[in-house]
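Q: Just so you know, we're using this note's numbering here: the sequence shown kicks off at 500 and counts up by one.
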Amino acid sequence: MVYVTRKEHFTAAHRLHNPDKNPEWNQATFGPCNHHNWHGHNYVIEVTVAGQPDPETGYVVDLGKLKKVIEDRILSKCDHRNLNLDVDFLEGVIPSAENLAKFFFHEMEDDVMAICKTGSLHSVKVFETERNIAEYRE
Ligand code: NI
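Right, here's the structure in full:
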């Protein structure tokens, strides 16, 4: 299997908060990410496709097409937005790096399948900071 990755970045606001829990629980659980007036992160995402190189092109996936899928599905909806309020596919979701990786994966899965003759979406990694990273794979 060959793994091909496209890296992108976006900037967004969020707040980690569980409305079913009291303020003390939220503060103790989420710390500064629970701040009521939001805060921002410079997110980096890595989208990896796995497959065999197509004999006609040598590519597992056309990275230009993968870039467009990421732009259409993720960046156009998340960049310079509030992840709690502005993103249709994150409605009701606590926007942790873990959940972002999972929901980004499902948001792109079908489009990646459509541009990829010999492979499929393998994983989505979300870097919330340089040191805090979540990865989703099926
Ligand atoms: Ni945060």
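Glycine included, C-beta positions come from ideal geometry on N, C-alpha and C.
(1) Among the residues of its own chain, which have a CB less than 6 angstroms from the CB of residue 627, if the five just before and after it don't count?
(2) Please determine whether the Cβ atom of residue 532 lies at a distance below 6 angstroms from any heavy atom of the ligand NI.
(3) Helix, strand or coil, according to DSSP, for residue 505 in the structure here?
(4) If we require 4 or more residues per run, which alpha helix (DSSP H) segments fall completely within the region 554–619?
(5) Whose C-beta lies closer than 6 angstroms to the C-beta of residue 581 among residues of the same chain, with five residues either side of it excluded?
(6) Suppose contacts are defined by Cβ-Cβ distances below 7 angstroms. Is residue 505 in contact with residue 574 by that definition?
(7) Can you give me the Cβ contacts of residue 566 inside the same chain, cut-off strictly under 7 angstroms, excluding the 5 residues immediately before and after it?
(8) Is the distance from the Cβ of residue 577 to the Cβ of residue 509 below 7 angstroms?
(9) Check the DSSP bridge columns for residue 511 and list the partner residues they point to.
A: In brief:
(1) Residue numbering aside, residue 627 sits at position 128 when the sequence shown is read from its first letter. Cβ neighbours of residue 627 beyond the five flanking positions: 540, 596.
(2) As a working note, residue 532 is residue 33 in the sequence shown. Because some heavy atom of the ligand NI lies under 6 angstroms away, the Cβ of residue 532 counts as near it: yes.
(3) Along the sequence shown, one-based indexing puts residue 505 at 6. Strand at residue 505.
(4) 562–569, 596–614
(5) In the sequence shown, residue 581 corresponds to position 82, counting from 1. So the list reads 512, once near-sequence residues are dropped.
(6) Numbered from 1 along the sequence shown, position 6 holds the residue referred to as residue 505. Numbered from 1 along the sequence shown, position 75 holds the residue referred to as residue 574. Not closer than 7 angstroms, so no.
(7) Looking up residue 566 in the sequence shown gives position 67. Contacts found: 505.
(8) Taking the first residue of the sequence shown as position 1, residue 577 is located at position 78. Taking the first residue of the sequence shown as position 1, residue 509 is located at position 10. It is a contact, given that the beta carbons lie within the stated cut-off.
(9) For the purposes of this step, residue 511 is identified with residue 12 of the sequence shown, where counting begins at 1. Paired residue(s): 540, 580.
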